[in-house]
């Protein structure tokens, strides 16, 4: 099956700094990538959808200026949490989809972000 | 907009017993339906999916699910649960773009 690699798996940062999370599709071209946030013992909440070469579409309530998403190539999307605060601590998961894969999305292993 | 309901927050099943996890969806067109499993601190693994055709879908690890359009349901089943099946299970529905998840069901397996 298709592989999506997410890096880093864990990161601890100081409040006020920015953190970048990478999501790569290793063996297919991902025209669409999704970013989710998951709070402990809760479901995955879609944050934004990004299509290669265009601006991301954010879900209602998600701050665009805080969660910067870049999808500059068909194999890489990045999520940057800017000026992170403790309430941004969460589990972030990306997924990727290719047009020939019949809407199936493949998931990265997630990134545990802790802001101290 | 599509939505998914998983009415059971958690379920406890004895090892070796059968399992059924419920999932109801809402979507205006023919849905694409998925079941994923998540172990603590891990990403999601796809168990099975339904796009069209046979309404009984076989997946990995001995799981199956049945699509019932009349009931808007896509329940997950396994005839005999193993201790390693303890995890969080998510049902999801996909439209043209978005993949929307249910709230999840935590499966506990007792000896």
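Protein chains in written order, with our numbering: chain U, 1 to 116; chain E, 1001 to 1111. Even glycine gets a Cβ: it sits at the ideal position worked out from N, Cα and C.
Count the other CB atoms within 10 Å of the CB of residue i; is the residue buried (16 or more) or exposed (fewer)?
i	result
residue 1107 (chain E)	buried
residue 3 (chain U)	exposed
residue 1113 (chain E)	The structure shown does not extend to residue 1113 (chain E), since chain E is modelled only from 1001 through 1111, so no value can be given for it.
residue 1031 (chain E)	buried
residue 1088 (chain E)	buried
residue 65 (chain U)	exposed
residue 55 (chain U)	exposed
Could you check whether the Cβ of residue i sits closer than 9 Å to any Cβ belonging to chain U?
i	result
residue 1037 (chain E)	no
residue 1030 (chain E)	no
residue 1045 (chain E)	yes
residue 1061 (chain E)	no
residue 1090 (chain E)	yes
residue 960 (chain E)	As shown, chain E starts at 1001 and ends at 1111. That puts residue 960 (chain E) outside it, with no answer to give.
residue 1018 (chain E)	no
residue 1106 (chain E)	yes
Whose C-alpha, out of the options, is nearest the C-alpha of residue i?
i	options	result
residue 1035 (chain E)	E:1044, E:1029, E:1081, E:1098	E:1044
residue 50 (chain U)	U:17, U:76, U:90, U:14	U:76
residue 1062 (chain E)	E:1076, E:1072, E:1054	E:1076
residue 72 (chain U)	U:18, U:15, U:32, U:13	U:32
residue 87 (chain U)	U:11, U:61, U:15	U:15
residue 1066 (chain E)	E:1021, E:1017, E:1014, E:1013	E:1021
residue 1092 (chain E)	U:43, U:61, U:55, U:19	U:43
residue 1025 (chain E)	E:1047, E:1109, E:1102	E:1102
residue 1080 (chain E)	E:1064, E:1094, E:1074, E:1042	E:1064
residue 1037 (chain E)	E:1084, E:1012, E:1052, E:1054	E:1084
residue 1100 (chain E)	E:1027, E:1055, E:1072, E:1082	E:1027
residue 112 (chain U)	U:26, U:53, U:92	U:92
Which residues in chain U have a C-beta closer than 7 Å to the C-beta of residue i? List them in chain order.
i	result
residue 1098 (chain E)	46, 49
residue 1049 (chain E)	104
residue 1074 (chain E)	Per Cβ cutoff of 7 Å: no residues; residue 1074 (chain E) is ~15 Å from chain U at best.
List the residues that DSSP assigns as beta-bridge partners of residue i.
i	result
residue 1045 (chain E)	E:1037
residue 1100 (chain E)	E:1093
residue 1013 (chain E)	E:1109
residue 1065 (chain E)	E:1057, E:1076
residue 47 (chain U)	None; residue 47 (chain U) has no bridge partner.
I'd like to know whether the C-beta of residue i is nearer than 9 Å to at least one C-beta of chain E.
i	result
residue 93 (chain U)	yes
residue 110 (chain U)	yes
residue 55 (chain U)	no
residue 43 (chain U)	yes
residue 52 (chain U)	no
residue 29 (chain U)	no
residue 117 (chain U)	Since the first and last residues shown for chain U are 1 and 116, residue 117 (chain U) lies out of range.
Since residue i meets chain E, which of its residues come closer than 7 Å, beta carbon to beta carbon?
i	result
residue 107 (chain U)	1043, 1044
residue 34 (chain U)	1099
Would you mind telling me which residues of chain U sit closer than 9 Å to residue i, beta carbon to beta carbon, in chain order?
i	result
residue 1102 (chain E)	43
Please report whether the beta-carbon of residue i lies at a distance below 9 Å from any beta-carbon of chain A.
i	result
residue 58 (chain U)	Among the protein chains of the structure shown, namely U and E, there is no chain A.
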